[in-house]
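Following: one structure in structure tokens, then a few remarks.
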Amino acid sequence: MSLKYISYLFRLPVICMAIIAFLHSDYAMASMNLNAISVAINRDVCFDTFWNNNEYYQIGKTVNIVARQDGDKTYIWSNDLYVSPFVRQTEVIYTIFSKGGQSRVGDVVGFNTDAMRNTPFYKEQRNEVFLSGAERFSLHLPSDCTPHFSQDNQKKLLMLMCVMKGVVGELATPTGTGRHYSHHVKIIIANFNIDYPETYAFVPESRSFFRIALIDRDDPFSDLCYRYGSYATLDLSDTVYAAQVIPHVLKYGRIFWTP
Numbered sequence: 001m002s003l004k005y006i007s008y009l010f011r012l013p014v015i016c017m018a019i020i021a022f023l024h025s026d027y028a029m030a031s032m033n034l035n036a037i038s039v040a041i042n043r044d045v046c047f048d049t050f051w052n053n054n055e056y057y058q059i060g061k062t063v064n065i066v067a068r069q070d071g072d073k074t075y076i077w078s079n080d081l082y083v084s085p086f087v088r089q090t091e092v093i094y095t096i097f098s099k100g101g102q103s104r105v106g107d108v109v110g111f112n113t114d115a116m117r118n119t120p121f122y123k124e125q126r127n128e129v130f131l132s133g134a135e136r137f138s139l140h141l142p143s144d145c146t147p148h149f150s151q152d153n154q155k156k157l158l159m160l161m162c163v164m165k166g167v168v169g170e171l172a173t174p175t176g177t178g179r180h181y182s183h184h185v186k187i188i189i190a191n192f193n194i195d196y197p198e199t200y201a202f203v204p205e206s207r208s209f210f211r212i213a214l215i216d217r218d219d220p221f222s223d224l225c226y227r228y229g230s231y232a233t234l235d236l237s238d239t240v241y242a243a244q245v246i247p248h249v250l251k252y253g254r255i256f257w258t259p
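Take the sequence shown: its position 75, counting from 1, is numbered 75 in the numbering used here, and each next residue is one higher.
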């Protein structure tokens with residue numbers, strides 16, 4: 001047997017391990033459905049950037065992420081996706097839910113690394129990501145977060161009716177603030193997509209502003225209206241947050257009238 005052939009036999013296990021590692025990486029990427037996960041994160045980042053005027057995401061840049069899949073959940077970690085000038089480093093951990101080839105963002109937790117690194121909650125959250133099977137990838141964040149809305153369909157119209165129901169219920173509830181409403185009240189509801197975490201409503205007559213939660217962060221594919229009969233509607237009138245969001249509602253809102 002030639003030395004060349006013996007050398008090849010010694011190298012064969014290394015070659016096989018390299019092939020297995022390559023296939024494992026491809027399998028991990030496929031099983032995680034990274035395209036759907038990337039879309040979900042980018043949509044959530046753009047939602048927060050536009051509607052909440054959050055300017056600390058690294059829009060238009062490529063960031064590093066670590067991902068680990070656990071059943072229908074994928075845990076995502078990044079320390080350069082969100083950069084605040086007020087802290088040295090911010091770590092963000094996403095819980096992504098996948099179903100039927102789609103992914104949606106559940107919980108999002110942000111940490112000031114220096115302040116939180118020794119806390120049990122920080123260690124617990126990081127451990128969800130940095131267990132065996134975690135993979136490192138790159139994610140490119142969009143440079144333009146101007147909202148684009150899907151056309152109305154049965155699902156969206158049902159959600160819209162439920163949003164309206166919640167706002168009308170709030171208007172009918174005595175608030176103790178001295179607000180009085182006429183019989184027919186104009187309500188402007190911000191347009192939304194069915195995977196939005198929340199939407200907003202503005203009542204010009206009283207300057208009332210409401211935030212309406214559309215999803216359960218622990219189960220973002222669930223329909224809160226179907227489960228509870230309505231969406232959680234929070235009155236945030238006369239707040240700095242309302243003043244920031246109302247211009248967006250006026251630009252991208254749809255007008256409705258109470259009965």
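Quick reminder that beta carbons are idealized off the backbone N, C-alpha and C, glycines included.
Item, Value
"Integer-rounded CB distance, given that Ile93 should sit under 8 Å from Val109", "5 Å"
"Limits of the alpha helix (DSSP H) - the one that His184 falls within", "Per DSSP, His184 belongs to no alpha helix (DSSP H) and is neither H nor E."
"Distance between Trp257 and Thr90 (C-alpha atoms, nearest Å)", "43 Å"
"Helix, strand or coil at His24 according to DSSP, with G and I counted as helix", "Any reading at His24 must be qualified, since the residue scores a pLDDT of 40, below 50, and its modelled position is unreliable; the value itself is stated next. Helix at His24."
"Thr177 - DSSP class collapsed to helix/strand/coil", "At Thr177, the pLDDT of 47 sits below 50, so the modelled position is not reliable; the number obtained from the coordinates is stated separately. In this structure, Thr177 counts as coil in the three-state DSSP scheme."
"Between the CA atoms of His183 and Tyr122 - distance to the nearest angstrom", "51 Å"
"Per-residue burial, Ile212 [other beta carbons within 10 Å of its own, 16 or more giving buried]", "buried"
"Residue environment, Tyr241, which counts as buried when at least 16 other CB atoms sit within 10 Å", "exposed"
"Helix, strand or coil at Glu170 [DSSP, three-state]", "helix"
"Residue ranges of each alpha helix (DSSP H) within the region 86-141, 4 or longer", "113-116 and 120-129"
"Contacting residues, own chain, Cβ-Cβ under 6 Å from Lys155 (five flanking each side not counted)", "Ile194"
"With 16 other Cβ atoms within 10 Å as the buried cut-off, status of Thr146", "exposed"
"Pair within 8 Å by beta-carbon distance, His140 and Thr233", "no"
"Helix, strand or coil at Ile41 [DSSP, three-state]", "helix"
"Alpha carbon of Leu160 to alpha carbon of Glu55, nearest angstrom", "29 Å"
"Tyr196 in three-state terms, based on DSSP", "coil"
"Thr74 burial status per 10 Å Cβ neighbour count (16 or more: buried)", "buried"
"Beta-carbon proximity check, Phe97 vs Phe221, cutoff 8 Å", "yes"
"Candidates Phe111, Asp238 and Ile37: closest to Lys99 by CA position", "Ile37"
"Gln151: first and last residue of the uninterrupted beta strand (DSSP E) it sits in", "Counting along the chain, Gln151 falls outside any beta strand (DSSP E), and DSSP gives it neither H nor E."
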